[in-house]
Amino acid sequence: MSWVSATRSEIIEAIQARLATLTGEITRRQAIIQQQLASAAKHDERRQAVSRLKALAEAVSHGLTSLSPAAEPEPFDNPTAPGEMTAIEVPRFVEALARLTDRYVRQRFVVLRDSILARVGKRLRGAERRALLWSFEASSLERFLTRFWFDVLQGPLAPGSVLELIQDVGPFEAIGLGKEVADGDRQPSLMTEVKQFLSKASTVFLLLDAQWPILMKSQLARSEILPILRDAGGLVVVVQCPKELDVAESLYELTRMTTELGLRPDAYLANDNELMLSVLMDRLAMEGERLNTQRDEAQWLKEFEFFSREQRDRCAKILHGWWKILERARE
258 MSWVSATRSE
268 IIEAIQARLA
278 TLTGEITRRQ
288 AIIQQQLASA
298 AKHDERRQAV
308 SRLKALAEAV
318 SHGLTSLSPA
328 AEPEPFDNPT
338 APGEMTAIEV
348 PRFVEALARL
358 TDRYVRQRFV
368 VLRDSILARV
378 GKRLRGAERR
388 ALLWSFEASS
398 LERFLTRFWF
408 DVLQGPLAPG
418 SVLELIQDVG
428 PFEAIGLGKE
438 VADGDRQPSL
448 MTEVKQFLSK
458 ASTVFLLLDA
468 QWPILMKSQL
478 ARSEILPILR
488 DAGGLVVVVQ
498 CPKELDVAES
508 LYELTRMTTE
518 LGLRPDAYLA
528 NDNELMLSVL
538 MDRLAMEGER
548 LNTQRDEAQW
558 LKEFEFFSRE
568 QRDRCAKILH
578 GWWKILERAR
588 E
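Letter 18 of the sequence shown, counting from 1, is numbered 275 in the working numbering, and no numbers are missing.
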């Protein structure tokens, strides 16, 4: 009898305990977020995010009750294992269980995305159902799709010389994918396709590199997409955030850049696994001028209590950096 077979019950109990922990964590964070959002009730999109999180917690609970192990586990051989190969038995539902866990862990990015779209949709009806994703670099777009759009966009996607269009997917009427390319490699119809897509109320997700704001400004200023973005219905700036980045300084430069180029973003997102960065950067970019004193800085930090200690420490550093930048600007 293999080791896995002999300890099957312990494995199943461990998996169930992990899912119970996941469910409890989602429920705990949802409760804390409710408290945090209650202090900023004027922001309707945050209340909508809470509703989505509640539905998410209920879905996890339903997923737990609906899962049951198969009657007869199948043997699995690992041909790459060194030495003698041993057949082990794994319940059939383990793979599905792992996928379910991964999906609900990642679902927080979809909740944030939809809350941002709801914000734009309140200002411009219908803009939440049409999204144009535009990037100056392929790998950052790929990461953004994997992180924030995995629920509706799957499989190989390769925007480039033409606008890639996906219609009637999930809650979206249409999603367009576009990437800046050299003039010689671009089809003449690309910008025409972009204009046609944006002729209806839509939200543009513009991916920008925060590490090189001056270079990014020059590149965007030369692009034919800029005048189109100025007239776009909704605009969300998606910021690339390398770990070594001075977030406060780079975000401040990006907000100045968008203003100087005549863009009016509705929101900011961080293309990063730390959800805290998206929440904080959006708050700073949209309301950062209100951070007038160190007391304001401490008050803002209290709103991030539901994140881990390490994330709160990083948040505090970014907030203090932003406050110092504003102090210098006011001198």
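Virtual Cβ for every residue (Gly too), placed ideally from N, Cα, C.
Rounded to a whole number of angstroms, what is the C-alpha to C-alpha distance between residue 494 and residue 402?
As a first step, residue 494 is located in the sequence shown; it is residue number 237 there, counting from the start. As a first step, residue 402 is located in the sequence shown; it is residue number 145 there, counting from the start. Cα to Cα, the separation comes out at about 15 Å.
Out of 533, 435 and 390, point me to the one whose CA is closest to residue 670's CA.
With the chain covering only 258 through 588, there is no way to say anything about residue 670.
Using the DSSP secondary-structure output, state which residues sit across from residue 463 in a beta bridge.
What you label residue 463 is simply residue 206 of the sequence shown in a count that begins at 1. The partner list for residue 463 (beta bridge, DSSP) reads 391 and 494.
Going by C-alpha distance, which of 392, 451, 368 and 484 is nearest residue 521?
In the sequence shown, residue 521 corresponds to position 264, counting from 1. Ranking 392, 451, 368 and 484 by Cα distance to residue 521 puts 484 first.
I'd like the span of the alpha helix (DSSP H) that includes residue 411, first residue to last.
Position 154 of the sequence shown, counting from 1, holds the residue named residue 411. Per DSSP, residue 411 belongs to no alpha helix (DSSP H) and is neither H nor E.
If we ignore side chains and look at the alpha-carbon of each, how far apart do residue 384 and residue 551 end up?
Counting from 1 along the sequence shown, the entry for residue 384 is found at position 127. Counting from 1 along the sequence shown, the entry for residue 551 is found at position 294. So the two alpha carbons sit approximately 37 Å from each other.
Report all residues from its chain with a CB closer than 8 Å to the CB of residue 558; omit the five preceding and five following residues, and keep chain order.
Against the sequence shown, residue 558 aligns to sequence position 301. Excluding sequence neighbours, residue 558 sits near 569, 572, 573 and 576.
Residue range of the beta strand (DSSP E) that includes residue 435
Stepping through the sequence shown from its first residue, residue 435 is reached at position 178. Counting along the chain, the beta strand (DSSP E) containing residue 435 begins and ends at 429-436.
contact_flag[the segment 533-548, the segment 386-403] where n(CB pairs < 8 Å) is 3 or more:
The answer is no - the segment 386-403 does not touch the segment 533-548, with fewer than three Cβ pairs under 8 Å.
Does DSSP put residue 364 in a helix, a strand or coil?
Counting from one through the sequence shown, the residue named residue 364 turns up at place 107. It is helical.
Between residue 381 and residue 491, how many whole angstroms is the CB-CB distance? I'm expecting something under 8 Å.
Start at 1 with the first residue of the sequence shown, and residue 381 comes out as number 124. Start at 1 with the first residue of the sequence shown, and residue 491 comes out as number 234. Residue 381 to residue 491, Cβ: 6 Å. Contact.
In terms of residue numbering, what span does the alpha helix (DSSP H) encompassing residue 476 cover?
As a first step, residue 476 must be located in the sequence shown, where it is residue number 219. Its alpha helix (DSSP H) spans residues 470-479.
Cβ distance (whole Å) where residue 478 is taken to contact residue 518 below 8 Å
For the purposes of this step, residue 478 is identified with residue 221 of the sequence shown, where counting begins at 1. For the purposes of this step, residue 518 is identified with residue 261 of the sequence shown, where counting begins at 1. The Cβ separation is near 6 Å, so the contact holds.
Cβ shell of residue 504 (< 6 Å), same chain only, five flanking positions each side left out
Here the question's residue 504 lines up with position 247 in the sequence shown. 575, listed in sequence order.
If residue 455 and residue 431 are in contact, beta carbons under 8 Å, what's the gap, nearest whole angstrom?
Along the sequence shown, one-based indexing puts residue 455 at 198. Along the sequence shown, one-based indexing puts residue 431 at 174. Rounded, the Cβ-Cβ distance is 11 Å, inconsistent with contact.
Measuring CA to CA, which of 378, 514, 460 and 420 is closest to residue 445?
Taking the sequence shown and counting its residues from 1, the one referred to as residue 445 is at position 188. Nearest C-alpha to residue 445: 420.
So, helix, strand or coil for residue 458, using DSSP?
The sequence position of residue 458 within the sequence shown is 201, counting from 1. In the structure shown, residue 458 sits in coil (DSSP, three-state: anything other than H, G, I, E or B).
In terms of residue numbering, what span does the alpha helix (DSSP H) encompassing residue 555 cover?
Position 298 of the sequence shown, counting from 1, holds the residue named residue 555. Its alpha helix (DSSP H) spans residues 551-559.
Per DSSP, cross-strand counterpart(s) of residue 525
As a first step, residue 525 must be located in the sequence shown, where it is residue number 268. DSSP lists 494 as partners of residue 525.
How many Å lie between residue 367 and residue 410 at the Cα?
Taking the first residue of the sequence shown as position 1, residue 367 is located at position 110. Taking the first residue of the sequence shown as position 1, residue 410 is located at position 153. Approximately 12 Å, taken between the alpha carbons.
To the nearest angstrom, how far is the alpha carbon of residue 509 from that of residue 541?
Within the sequence shown, numbered from 1, the residue matching residue 509 stands at position 252. Within the sequence shown, numbered from 1, the residue matching residue 541 stands at position 284. So the two alpha carbons sit approximately 9 Å from each other.
Counting only the same chain and skipping the five closest in sequence on each side, list residues whose C-beta sits under 6 Å from that of residue 424.
On the sequence shown, position 167 is the one that residue 424 refers to. Once the five neighbours on either side are set aside, the close Cβ partners of residue 424 are 431.
Alpha-carbon spacing of residue 585 relative to residue 579, whole angstroms:
For the purposes of this step, residue 585 is taken as residue 328 along the sequence shown, with counting starting at 1. For the purposes of this step, residue 579 is taken as residue 322 along the sequence shown, with counting starting at 1. So the alpha carbons of these two residues sit roughly 10 Å apart.
Can you tell me whether residue 508 is helix, strand or coil according to DSSP?
Position 251 of the sequence shown, counted from the start, is the residue given in the question as residue 508. In the structure shown, residue 508 sits in a helix (DSSP, three-state: H, G or I).
In the DSSP assignment, what residue or residues form a beta bridge with residue 422?
Reading the sequence shown from its first residue, position 165 is the one you call residue 422. According to DSSP, which records beta bridges pairwise, residue 422 is partnered with 433.
Let me know if residue 452 comes out buried or exposed under the rule of 16 or more other beta-carbons within 10 Å of its beta-carbon.
Numbered from 1 along the sequence shown, position 195 holds the residue referred to as residue 452. Exposed, by the Cβ-count rule.
With a 10 Å radius around its C-beta and 16 neighbouring C-beta atoms as the bar for buried, classify residue 581 as buried or exposed.
Here residue 581 is taken as the residue at index 324 of the sequence shown, counted from 1. It counts as exposed.
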